[in-house]
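Have a look at the structure below, then the notes.
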Amino acid sequence: MTEITTVGVDLAKSVFQVHGVDAEGAVVLRRQLRRNQMLEFFQRLAPCLVGIEACAGAHHWARELGKFGHDVRLMPPSYVKPYVRRGKTDQAVAEAICEAVTRPSMRFVPVKSEETQALLMTHKAREFLVRQLTQVTNAIRAHLGEFGLVAPKGVHNVGRLLEAGERADLPAAARVPLRLLADQFSETRSKIDALTKDIRREAEAGEAARRLQTIPGIGPITATALAATLPDVTGFRTSRDLSAWLGLTPKPHSSGGKEKLGRISKMGSRYLRRLLYLGAMGVISARRRGQPGGDWLWRLLQRKTVKQAAIALANRMARTVWALLRNGTSYDAAHAA
Numbered sequence: 001m002t003e004i005t006t007v008g009v010d011l012a013k014s015v016f017q018v019h020g021v022d023a024e025g026a027v028v029l030r031r032q033l034r035r036n037q038m039l040e041f042f043q044r045l046a047p048c049l050v051g052i053e054a055c056a057g058a059h060h061w062a063r064e065l066g067k068f069g070h071d072v073r074l075m076p077p078s079y080v081k082p083y084v085r086r087g088k089t090d091q092a093v094a095e096a097i098c099e100a101v102t103r104p105s106m107r108f109v110p111v112k113s114e115e116t117q118a119l120l121m122t123h124k125a126r127e128f129l130v131r132q133l134t135q136v137t138n139a140i141r142a143h144l145g146e147f148g149l150v151a152p153k154g155v156h157n158v159g160r161l162l163e164a165g166e167r168a169d170l171p172a173a174a175r176v177p178l179r180l181l182a183d184q185f186s187e188t189r190s191k192i193d194a195l196t197k198d199i200r201r202e203a204e205a206g207e208a209a210r211r212l213q214t215i216p217g218i219g220p221i222t223a224t225a226l227a228a229t230l231p232d233v234t235g236f237r238t239s240r241d242l243s244a245w246l247g248l249t250p251k252p253h254s255s256g257g258k259e260k261l262g263r264i265s266k267m268g269s270r271y272l273r274r275l276l277y278l279g280a281m282g283v284i285s286a287r288r289r290g291q292p293g294g295d296w297l298w299r300l301l302q303r304k305t306v307k308q309a310a311i312a313l314a315n316r317m318a319r320t321v322w323a324l325l326r327n328g329t330s331y332d333a334a335h336a337a
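Residues in the sequence shown are numbered consecutively from 1, following full-length UniProt numbering.
This is the structure we're talking about:
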C-alpha cells in the first residue's frame, strides 16, 4: 500500500471516520474505526500528519496519538467547515479535515496537557455552581416574596432573607421547602468557596498567573483561566489577534472600499470575555471614584458610556495579556499610562 502522509480523523462518541492520502494527495485510506481500535490502528501506522477538529476529547486523542510519533494538529471546526463538499457526512468531514490540515494559512489549537485541562475543569465546575447558586437565590427570593418578605439584592443578603423567613409566621408546609433551598444554598456556596481556594492556590504557584495578576483588573481567577487557555500565544501574530479571538473587536462588514465596523463579534470564549469585562468594570468603578485626570481611561469615560469604556478597557487588557505572555514580563504601570 502507498505510504500515508496525511490523515484526517472525524471524532465521535463510538465510531470514528479516518481519511488518509499519500504525498501526491491521492486517497489511499477510507475507513471507520471503533473507539477501541483507534490506538491499535495508529500504533501500526507510520508517523504522519494527523488532523483533528478541536472538540470534546480532541486533546486526549492528540496526546495519545502523539506518543506514537504522529504530528497531531487540532483545528477549530469553523475553519474546517469551508472544506466540506456538498452534504455533511462523517466521510466528507474526515476528508475536509485531511485537506484543511495541510493548508499553509490554517491556524491550529495548541494541545493542552492533562494538568491544564484539570485546571480548566475547576473553572468550569465553579462557573456551573455559580449558576446554580444564582438559581437557588432567585428561587428563595421569589418564594419568600410571595409572603411579603424581601431583602436588598446580592448573594450576601440572602442570609438576612432566610433569617426573616425563619422568624416569620409561615405555614408549616412552606417551611420544609424553604429549609431545603436554604441547605442547598449553603452547600453550593461552600463548594464554590472550596474551588475558589484551589484556583487561588494555583494562581500563587503558577509563574505566568502571577505576572498576569500585575495587570489592573485581573485577579487570580482571570489569571489562571488565561494562563491555562493560552499556554502558547505565539499562534497569535499580534495582540489584536488575541483580542479578536476573544470577540472583543468590532465585526467588520466592508465591501467596495467602504469600511464598516459593527459591534464586537462576541466570538471565542464567553467565559474569558466575561472575566475581562468584569475586571474592566472594577477598574472603571475605582477610577470614577478618584480624582479627574488626563489619563487614557479618564478621557475615554468623558466620551463613552461606562459599558463601552469597559469593552475598550477589556480589549486593552487582552492585548496586555498577549504582551506579558509573549515577552515573559510583568505589567509596567508607568509605561502603560
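Cβ atoms here follow ideal geometry from the backbone N, Cα and C, with glycine treated the same way.
- In the displayed model, Ile264 falls within a strand according to three-state DSSP.
- In the three-state reduction of the DSSP assignment, Gln32 falls in the strand class.
- His143 sits in a helix when the DSSP states are folded into three classes.
- When the beta-carbon positions are compared, Val93 and Val84 come within less than 8 Å of each other.
- Judged by DSSP in its simplified three-state form, Thr6 adopts strand.
- Here Lys258 is bridged, per DSSP, to Ser255.
- Relative to the Cα of Pro110, the nearest Cα in the group Met75, Thr89, His143 and Arg179 belongs to Met75.
- Assigned with DSSP and collapsed to three states, Arg167 falls in helix.
- Here the alpha carbon of Gly51 sits roughly 49 Å from the alpha carbon of Ile140.
- Within the model, the alpha-carbon separation for Leu300 versus Val283 is close to 13 Å.
- Bounds of any alpha helix (DSSP H) do not take in Glu53; it lies within the beta strand (DSSP E) bounded by Leu49 to Glu53.
- The shortest C-alpha to C-alpha distance from Arg274 to any of Lys307, Arg200 and Ser113 is the one to Lys307.
- Counted as a single uninterrupted DSSP element, the stretch harbouring Phe236 is not any beta strand (DSSP E), since DSSP gives it neither H nor E.
- In the three-state reduction of the DSSP assignment, Val111 falls in the coil class.
- With contacts defined by Cβ atoms closer than 8 Å, Ile264 and Pro252 do not form a contacting pair.
- Of the other Cβ atoms in all chains shown, 16 or more fall within 10 Å of the Cβ of Ala228; this residue is therefore buried.
- Taken through DSSP and simplified to helix, strand or coil, Phe16 comes out as strand.
- Per DSSP, the unbroken alpha helix (DSSP H) holding Leu324 starts and ends at Val306 to Asn327.
- Distance from the CA atom of Asp71 to the CA atom of Glu64, rounded to whole angstroms, is 11 Å.
- Secondary structure note for Met281: its alpha helix (DSSP H) is the uninterrupted segment Arg270 to Arg288.
- Burial is judged here by how many other beta carbons sit within 10 angstroms of a residue's own beta carbon; Ser243 has at least 16 and is buried.
- Beta-bridge partners of Pro77 (DSSP): none assigned.
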